[in-house]
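Have a look at the structure below, then the notes.
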Amino acid sequence: AFWGLRAGDLARLKFSEIDWANSTVRIIQQKTGKFVTLPLIEEVKFPLLDYLKNCRCKSADDEYVLVTRYAPHTRVETGSINRTVNKCMKAANISVEGKHHGPHALRHSLATNLMSENVPISAISSILGHSSTKTTELYITVDETNLKELALEVDDVM
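Residue 238 in the working numbering sits at position 135 of the sequence shown, with consecutive numbering throughout.
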């Protein structure tokens, strides 16, 4: 939810893409083929370190950060990330009926939250790795609270 990565890009995250010294992660997005540099913020860095120290199994796929919990401990697949996120949403009683769900919902949520914090759409587009702000607009849910502040009063007609 902090980076807005697609599940496939997260599944392919490699140790070589993490710059611990400069607290950045630089990946090539599979969908767009573009480089994206992300800040390794504390909300990501510390859980990642905890996972690496306490949870990650030895793997034949040593170059990948995320590996399966069960032998032979190969890199995770996109479907596994989808199932994990959906399971967590269900456990948190998040209703997904008629809504985006799974990892992609996290991208939508990030875009909406950034917009509500008055982050320019061009910056949100860059964060999500979109080449066009038109694509980003599809991700942003209307912020009804702030929208009400923009409403004009209408004089009584009668």
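Beta carbons: idealized from backbone N, C-alpha and C, even for Gly. Predicted model only: the values in this text are computed from it and were never measured.
Task: Beta carbon of Val179 nearer than 9 Å to that of Leu209 - done: No, the Cβ-Cβ distance between Val179 and Leu209 is not below 9 Å.
- [ ] Assign Thr127 to one of two classes, buried (16 or more other C-beta atoms within 10 Å of its C-beta) or exposed (fewer than that).
- [x] Burial call: exposed.
Task: Thr141, enclosing beta strand (DSSP E) - first and last residue - done: Here residue 141 turns out to be Leu, not Thr, going by the sequence shown. DSSP places Leu141 inside the beta strand (DSSP E), whose first and last residues are Phe138 to Pro142.
Open item on the list: Any contact between the stretch 112-129 and the stretch 140-154? By contact I mean 3 or more CB pairs, one from each, below 8 Å.
Closed with: yes
Task: DSSP three-state assignment for Arg210, whether helix, strand or coil - done: Note: Arg210 maps to helix in three-state DSSP.
Open item on the list: Here's a check: name, in chain order, each residue in its chain whose Cβ is nearer than 7 Å to the Cβ of Asn221, leaving out the five neighbours to either side.
Closed with: Within the same chain, no Cβ atom closer than 7 Å to the Cβ of Asn221 is found once the five residues on either side in sequence are excluded.
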